[in-house]
Amino acid sequence: MTLKQSLTKAKLIDNVELGKDYYVSWFHIPELTKNINPGQFVMMESGQYLLRPFSVYETKGDSAGFLYRVIGGGTSFLSRLKIGNEVLIHGPLGRGFTYPQNKNKSILIVAGGIGIATFPLVARIASENGYKIKTLFGARSKNDLVCTEELKKYGEVESITDDGSSGRKGLVTELLTTELIKNKDQEVFVCGPTPMLKSVIKVCNEFGVIAQVSFEEYMACGYGVCMSCVIKTNDKYLRTCVDGPVMRSDIVAV
Ligand SMILES: Cc1cc2nc3c(=O)[nH]c(=O)nc-3n(C[C@H](O)[C@H](O)[C@H](O)COP(=O)(O)OP(=O)(O)OC[C@H]3O[C@@H](n4cnc5c(N)ncnc54)[C@H](O)[C@@H]3O)c2cc1C
Ligand code: FES
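Structure below.
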């Protein structure tokens with residue numbers, strides 16, 4: 045895919061506040077919704093800032109939604125857009141999740157923080173295709189447990205928080221360990237900050253489970269040219285924008 049082919053000017057049609065600093069921005073972008081594979085991402089124009097990567101949260105007809113937390117200039121710009129404003133969106137980009145061939149194999153989603161943003165679309169498509177789904181969601185506090193109602197439409201959701209303000213107090217790896225003790229024959233899909241991903245991979249390695257892990261490394265170009273997004277694998281460095289963001293856990297160096 046060339047840069048030119050994937051560039052689209054998309055109009056903001058809705059901006060929904062999900063909680064303090066959390067929004068879903070919906071854009072009319074049929075070029076994207078026709079071609080998206082769950083787990084792929086886009087690079088989005090962010091005002092005076094560089095392009096920013098965002099997972100595709102959900103699609104509805106010709107519209108795609110992006111869930112984000114306002115943390116800096118780019119996400120702040122996005123949250124202040126008015127209905128009808130247009131931004132450039134490049135995508136879909138990267139490699140998404142692969143559903144198991146065996147439809148009797150359950151899908152276990154493990155999300156950390158804003159890593160949850162990639163999963164409503166993943167879970168809906170899985171559910172439409174007959175897979176059983178469970179989500180384990182770890183966040184800093186109650187306020188960060190966004191879009192759990194959306195995910196509950198497709199299966200059980202168990203959450204855990206760093207401060208114990210909702211669900212159990214602890215880390216999502218504790219929930220994962222309990223799940224894998226019960227049944228390790230599950231397809232594990234993971235997304236979250238890199239330290240959490242590495243902890244999840246270590247747990248999966250202990251159980252001999254190969255997970256599909258989606259990385260949220262810094263990305264400047266999204267097209268494989270700048271090398272800002274590389275991660276170390278067992279034998280070489282890979283670019284998460286084109287070789288991922290979803291990668292098999294057994295190739296990642298932890
Ligand atoms: C493939 C991919 C998908 C993503 N999907 C989403 C998504 O769906 N929703 C969402 O909210 N975010 C997502 N992100 C992260 C998102 O791109 C960053 O939140 C965004 O770049 C922040 O931009 P900003 O201009 O608001 O913040 P900046 O002004 O660039 O940064 C503000 C602060 O956040 C830190 N920061 C910025 N980006 C990251 C990062 N990637 N990891 C750790 N710390 C960071 C900076 O060091 C700084 O301290 C994704 C990232 C990747 C690589
Ligand atoms: S973001 Fe530029 S090479 Fe990956």
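For what it's worth, our numbering labels the leading residue of the sequence shown as 45, then goes sequentially. Beta carbons are placed, not taken as given, at the ideal position from N, Cα and C, and that holds for glycine.
DSSP-derived helix/strand/coil call for residue i
i, result
"N59", "strand"
"I80", "coil"
"A167", "helix"
"L122", "helix"
"V247", "helix"
"P144", "coil"
"T277", "strand"
"G117", "helix"
"T284", "coil"
"S50", "helix"
"K226", "helix"
"V234", "strand"
"K104", "strand"
"K186", "helix"
"K149", "coil"
"K197", "coil"
"K213", "strand"
CB of residue i within 8 Å of CB of residue j, strictly
i, j, result
"P136", "N173", "no"
"F259", "K228", "no"
"V190", "L111", "yes"
"L165", "V100", "yes"
"G138", "V286", "yes"
"V234", "L224", "no"
"S171", "Y143", "no"
"I133", "V86", "yes"
Euclidean distance between Cα positions of residue i and residue j
i, j, result
"P239", "Q256", "16 Å"
"G182", "A155", "6 Å"
"L47", "L94", "Low confidence applies to L47: its pLDDT is 47, below 50, so where it sits in the model is not reliable enough to give any reading."
"Y281", "A297", "10 Å"
"S293", "L219", "18 Å"
"D279", "S203", "35 Å"
"L76", "E89", "15 Å"
"T221", "V247", "7 Å"
"D65", "K53", "25 Å"
"P289", "G128", "30 Å"
"C270", "K226", "43 Å"
"F141", "L152", "12 Å"
"V201", "R124", "31 Å"
"T103", "I245", "29 Å"
"T179", "G91", "34 Å"
"H43", "S272", "Examination of residue 43 is not possible in this model, given that the chain is present from 45 through 298 alone."
"G63", "N187", "7 Å"
"G214", "D206", "5 Å"
"I177", "G268", "32 Å"
"G175", "R96", "In the sequence on display, residue 175 carries Tyr and not Gly. Roughly 32 Å between the two C-alpha positions."
"A161", "A108", "12 Å"
"L51", "E130", "13 Å"
Beta-ladder partner(s) of residue i, from DSSP
i, result
"V290", "S258"
"F112", "Note on residue identity: the sequence assigns Tyr, not Phe, to residue 112. Y112 pairs with Y67."
"F181", "A155 and S203"
"C88", "It is Met, not Cys, that sits at residue 88 in the sequence shown. According to DSSP, M88 bridges with R96 and I133."
"V296", "T277"
Ligand 3 heavy atom lying under 7 Å from the CB of residue i
i, result
"A264", "This structure lacks ligand 3; the ligands present are ligand 1 and ligand 2."
Three or more C-beta pairs below 8 Å linking the region 142-149 and the region 109-121 = Proximity of the region 142-149 to the region 109-121 falls short of the contact definition, fewer than three beta-carbon pairs being nearer than 8 Å.
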